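Reviewing the structure listed below.
Residue numbers (this note's numbering), protein chains in the order written: chain B, 1 to 109; chain U, 1001 to 1119.
This is the structure we're talking about:
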């Protein structure tokens, strides 16, 4: 199983919206509505921010939303805030395990 | 609140076996619907799923590590373990244990432990 493809970096100004893509294949992202997203601040463990493409865990801001089309899932963060600056990882179920994306560094300008 | 804590050797010599244990508190590894997982992150790099063991005892491994990997669980101690044999410098990473709901998404994580492979 190959890693999912994410852009290495994205950036945006406070208040703007950004979208991070996560591209897989018909064997992972395209085959299951089981994509999750994680936020990781430096030196910290990852934190679940979305699961099953669009579901938000309790306590996660409504500014975060997810979608999927074909083999590509997306994470959108609206109303960017300084605290959103972090690394973001997507993850897809693949039937006999999971596969992560390579990660995207979000910079808030 | 569920807590997971990794423990084990932080320094392993090349060709030897890396061993880690994850102790679970405020929850049971026998709970239905969860897989108890290992995920690693080499310094400065992304996350890599290592493998997991379900409450039922079913085990799934990352195909790229399968030949060197053993994941097991001790329900009496409420912990699960990882053994990775024949390690090289490429196995140097922060190793996280985590709980996966339905083997799908990771909703609780340990703080991670750095394992360095070096002579």
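Glycine is no exception: its CB is placed at the ideal position from the N, C-alpha and C atoms.
As the structure is a prediction and not an experimental result, all values here were calculated from the model.
Determine the closest residue to residue i out of the options, with distance taken between C-alpha atoms.
i, options, result
"residue 21 of chain B", "B:79, B:8, B:2, B:97", "B:8"
"residue 88 of chain B", "B:39, B:10, B:102, B:3", "B:39"
"residue 1072 of chain U", "U:1030, U:1026, U:1010, U:1119", "U:1030"
"residue 3 of chain B", "B:103, B:86, B:46, B:108", "B:103"
"residue 1067 of chain U", "U:1054, U:1110, U:1075, U:1087", "U:1087"
"residue 10 of chain B", "B:1, B:84, B:68, B:91", "B:84"
"residue 1069 of chain U", "U:1081, U:1024, U:1036", "U:1081"
"residue 108 of chain B", "B:6, B:1, B:5, B:14", "B:14"
"residue 59 of chain B", "B:95, B:49, B:100", "B:49"
Where does residue i fall in DSSP's three states?
i, result
"residue 1102 of chain U", "coil"
"residue 55 of chain B", "strand"
"residue 28 of chain B", "coil"
"residue 68 of chain B", "strand"
"residue 82 of chain B", "helix"
"residue 1067 of chain U", "helix"
Is the beta carbon of residue j closer than 8 Å to that of residue i?
i, j, result
"residue 65 of chain B", "residue 76 of chain B", "yes"
"residue 1116 of chain U", "residue 1094 of chain U", "no"
"residue 1051 of chain U", "residue 1060 of chain U", "yes"
"residue 1021 of chain U", "residue 1007 of chain U", "yes"
"residue 1011 of chain U", "residue 1118 of chain U", "yes"
Can a CB atom of chain U be found closer than 8 Å to the CB of residue i?
i, result
"residue 30 of chain B", "no"
"residue 97 of chain B", "yes"
"residue 59 of chain B", "no"
"residue 80 of chain B", "no"
Answer yes or no: does any C-beta atom of chain B fall closer than 8 Å to that of residue i?
i, result
"residue 1034 of chain U", "no"
"residue 1095 of chain U", "no"
"residue 1038 of chain U", "no"
"residue 1003 of chain U", "no"
"residue 1107 of chain U", "yes"
* Got a sec: which bits of the segment 1042 to 1057 of chain U sit with their beta carbon under 9 Å from any beta carbon on chain B, in order along the chain? -> From the segment 1042 to 1057 of chain U, only 1045, 1046, 1047, 1048, 1049, 1051, 1052 have a Cβ closer than 9 Å to chain B.
* Cβ-based contacts, 9 Å cut-off: residues of the segment 1055 to 1084 of chain U near chain B -> Using a CB distance below 9 Å, the part of the segment 1055 to 1084 of chain U facing chain B consists of 1060, 1061, 1062, 1063, 1064, ordered along the chain.
* Check distances from the C-beta atoms of the segment 18 to 45 of chain B to those of chain U and list, in chain order, the residues that come in under 7 Å. => Hits within the stretch, in order: 34, 36, 45.
* Interfacial residues, the segment 1005 to 1027 of chain U to chain B, with Cβ spacing under 9 Å -> If the cut-off is 9 Å between Cβ atoms, the segment 1005 to 1027 of chain U has nothing near chain B.
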